Each structure stands twice: as C-alpha cells, then as structure tokens.
Amino acid sequence: MSIDIRLRTGFFETKPYRLMIIDRDLLLQPLNPEKDGKITLTEDSIVAINFLQKASRLEISTKGAVYNCNLDEELNSVDLFKFFKKFNGTKIIYDFENDRYGT
Numbered sequence: 298m299s300i301d302i303r304l305r306t307g308f309f310e311t312k313p314y315r316l317m318i319i320d321r322d323l324l325l326q327p328l329n330p331e332k333d334g335k336i337t338l339t340e341d342s343i344v345a346i347n348f349l350q351k352a353s354r355l356e357i358s359t360k361g362a363v364y365n366c367n368l369d370e371e372l373n374s375v376d377l378f379k380f381f382k383k384f385n386g387t388k389i390i391y392d393f394e395n396d397r398y399g400t
C-alpha cells in the first residue's frame, strides 16, 4: 500500500511524493524523480507520526527533522491505521476532529 502526499519543501511550496513502507522503513518516493530525490526514513530514526484528519495532514518527526505532508487523497482512519501498524514501537497519534488516539 502507498499514500500519495505533497511534501512541504518551503513556506508555500509542496512537491508530490508517494509514501511507502519498505521492510521497516518509510520511503518518500518523488513523483518527479528527475527533479527531486527519494527520502528514506529508517524505523530507528522515526520518533513520532501524527495524522491530523481535519487538516488532511501527516507529520513525521525523526531525530533529525520533521516532515510535513498534505494528503492528496481522502483516507479513512482504518486504512491509515493498517498502513502504519508495522511501526509498533513508534508513537503514532491519530487526531480525528476532536478525538485523539495514540499507539
């Protein structure tokens, strides 16, 4: 499974990427590979993953950086939970309207 996102690369700039899980790492694969490089986030480097449903936003915090992403498609909570369930040791927060759930 993969998720199409727009990775924030500047104050008003986003670029299209595809978010995938390869083994136990997150891979951000650019949809324009001739312009942008892929980003691999190892499981050990990921501190937390936050999903903000109301804003259709995903925030991935690592030991070295924070990756802010806008979701290109409407995802339901079940699909998103299934996507990230491989990251058992990672703090994952799902913010649905006014309800917050963490793992």
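Take the sequence shown: its position 101, counted from the start at 1, is 398 in my numbering, and no numbers get skipped. Where a beta carbon is used, it is the ideal one built from N, C-alpha and C, also for glycine. Just so we're clear, the structure is a prediction, and the values are computed from it rather than from any experiment.
Close beta carbons around residue i, own chain, < 6 Å, minus the five adjacent residues each side
i	result
S353	L368
I343	T359, T387
Euclidean distance between Cα positions of residue i and residue j
i	j	result
T311	V363	14 Å
P313	T306	10 Å
D392	N347	8 Å
L328	R303	10 Å
Y321	K382	First, the residue type needs correcting, since residue 321 is Arg and not Tyr in the sequence shown. If I take the Cα positions, the gap works out to 11 Å.
I403	K351	Here the chain has residues from 298 to 400 only, and residue 403 is not among them.
D376	T337	22 Å
Sequence-distant residues of its chain with Cβ nearer than 7 Å to residue i (five each side left out)
i	result
L298	Looking at the sequence itself, residue 298 is Met, so the reference to Leu does not match. Contacts found: F380.
Contact belief for residue i with residue j at Cβ below 8 Å, rounded distance in angstroms
i	j	result
I300	L323	At roughly 10 Å, the Cβ-Cβ gap does not stay under 8 Å, so I300 and L323 are not in contact.
DSSP beta-bridge partners of residue i
i	result
T359	I343
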